[in-house]
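First residue of the sequence shown: 84, per my numbering; consecutive thereafter.
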Amino acid sequence: MDINESPLSRTPSLYVVATPMGNLQDITLRALAVLHAVDVVAAEDTRHTKGLLSAHGIAATLMAAHEHNEARAAEQIIGRLAAGEQVAFVSDAGTPGISDPGARLVAAVRAAGHPVVPVPGP
Numbered sequence: 084m085d086i087n088e089s090p091l092s093r094t095p096s097l098y099v100v101a102t103p104m105g106n107l108q109d110i111t112l113r114a115l116a117v118l119h120a121v122d123v124v125a126a127e128d129t130r131h132t133k134g135l136l137s138a139h140g141i142a143a144t145l146m147a148a149h150e151h152n153e154a155r156a157a158e159q160i161i162g163r164l165a166a167g168e169q170v171a172f173v174s175d176a177g178t179p180g181i182s183d184p185g186a187r188l189v190a191a192v193r194a195a196g197h198p199v200v201p202v203p204g205p
């Protein structure tokens, strides 16, 4: 990929981005590029994610997407995708979707006909 080329698809998509499980510097270059480029970052814990983004100079719009608001968050994310926005989803650490709302969010986004793009991590 050309360094000046956008890491995002032209089609509005949900990017499931893996984050470091320990040292914040362990994040991948692709994950950083995606987090810089998306319109909004949906996070399991916005306080934790704000620290990660801040450590890497990323000023992203954050929204909460956790077990207590997952249905509403999924609707909001699907609405953003339908409006042409690009959305990233991150958990506190690792790849979203194992023991957090990620699996249900991905299922809802796919059922609505939007692409889901994995961004694997370290």
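Beta carbons are placed, not taken as given, at the ideal position from N, Cα and C, and that holds for glycine.
Practice task
Assign V189 to one of three DSSP states: helix, strand, or coil.
Solution key: As a first step, residue 189 must be located in the sequence shown, where it is residue number 106. Correct three-state label for V189: helix.
Problem - Euclidean distance between Cα positions of D175 and P198 - result: Residue mapping note: residue 175 aligns to position 92 of the sequence shown, counting from 1. Residue mapping note: residue 198 aligns to position 115 of the sequence shown, counting from 1. Each residue's alpha carbon lies about 23 Å from the other.
Handout entry: Proximity of V170 and V121 at Cβ, strictly below 8 Å
Key = As a first step, residue 170 is located in the sequence shown; it is residue number 87 there, counting from the start. As a first step, residue 121 is located in the sequence shown; it is residue number 38 there, counting from the start. Closer than 8 Å, so yes.
Problem - Same chain only: Cβ atoms within 6 Å of P103, ignoring 5 sequence neighbours per side - result: As a working mapping, residue 103 is identified with position 20 in the sequence shown. Closer than 6 Å at Cβ, skipping near neighbours: D109, I110.
Exercise for the section: Would you decide whether A190 is buried or exposed? Buried here means 16 or more other CB atoms lie within 10 Å of its CB. Expected result: Here residue 190 refers to the residue found at position 107 when the sequence shown is read from its first residue. When all chains shown are included, A190 counts as exposed.
Handout entry: Segments assigned beta strand (DSSP E), at least 3 residues, entirely inside the stretch 107-142
Key = 123-126
Practice task
Helix, strand or coil for A194, going by three-state DSSP, please let me know.
Solution key: Your numbering for residue 194 matches position 111 in the sequence shown. Helix.
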